[in-house]
Amino acid sequence: MSRTRRSFTPEFKVEAARRVIDGGRPITEIARELNVHENLLGKWVRAERLRDGVIDQVRDAPPDGELSGSERAELTRLRAELAEKDRDIAFLKKVSAYFAAQQHR
Numbered sequence: 000m001s002r003t004r005r006s007f008t009p010e011f012k013v014e015a016a017r018r019v020i021d022g023g024r025p026i027t028e029i030a031r032e033l034n035v036h037e038n039l040l041g042k043w044v045r046a047e048r049l050r051d052g053v054i055d056q057v058r059d060a061p062p063d064g065e066l067s068g069s070e071r072a073e074l075t076r077l078r079a080e081l082a083e084k085d086r087d088i089a090f091l092k093k094v095s096a097y098f099a100a101q102q103h104r
């Protein structure tokens, strides 16, 4: 008996990763709730953190020698804040499109 491969929408992947990142809960716990393998959810979290600019693309890259610890922390915080604002803007665009479509009916 063969099993078919499950596919997930990009929105589902982002929301699942956001549960881990924003909620501060472990990947294993969220993976169990969503019924996905923890390695798969880990990949989604890593991809989302890359998009947020929280982690570098090169896994074992040496830290920049030009930034101090406080500057690096502030940069990380600002990148996360920017990513959150970008998500808010995308959401608001969808909502405004929905209401504009409802107004024409």
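Residues 0 to 104 (numbering that gives the first Met the number 0) are what the sequence shown spells out, left to right. C-beta: ideal position from N, C-alpha, C; glycine also.
Option in the options with minimal Cα separation from residue i
| i | options | result |
| --- | --- | --- |
| Phe90 | Ser6, Arg5, Glu10, Arg4 | Glu10 |
| Ala15 | Ser69, Thr75, Arg48, Gln102 | Arg48 |
| Phe7 | His36, Val94, Leu66 | His36 |
Assumed close pair residue i, residue j - CB separation to whole angstroms, cut-off 8 Å
| i | j | result |
| --- | --- | --- |
| Ile26 | Val44 | 6 Å |
| Arg24 | Arg31 | At roughly 11 Å, the Cβ-Cβ gap does not stay under 8 Å, so Arg24 and Arg31 are not in contact. |
| Leu66 | Leu74 | 7 Å |
| Ala82 | Asp51 | 4 Å |
Enclosing alpha helix (DSSP H) for residue i [first to last residue]
| i | result |
| --- | --- |
| Phe11 | 9-22 |
| Thr27 | 26-33 |
Point to revise | Continuous beta strand (DSSP E) assignments of at least 3 residues falling wholly in the stretch 37-97 | key: Runs of the beta strand (DSSP E) lying entirely within the stretch 37-97, each at least 3 residues long, are absent.
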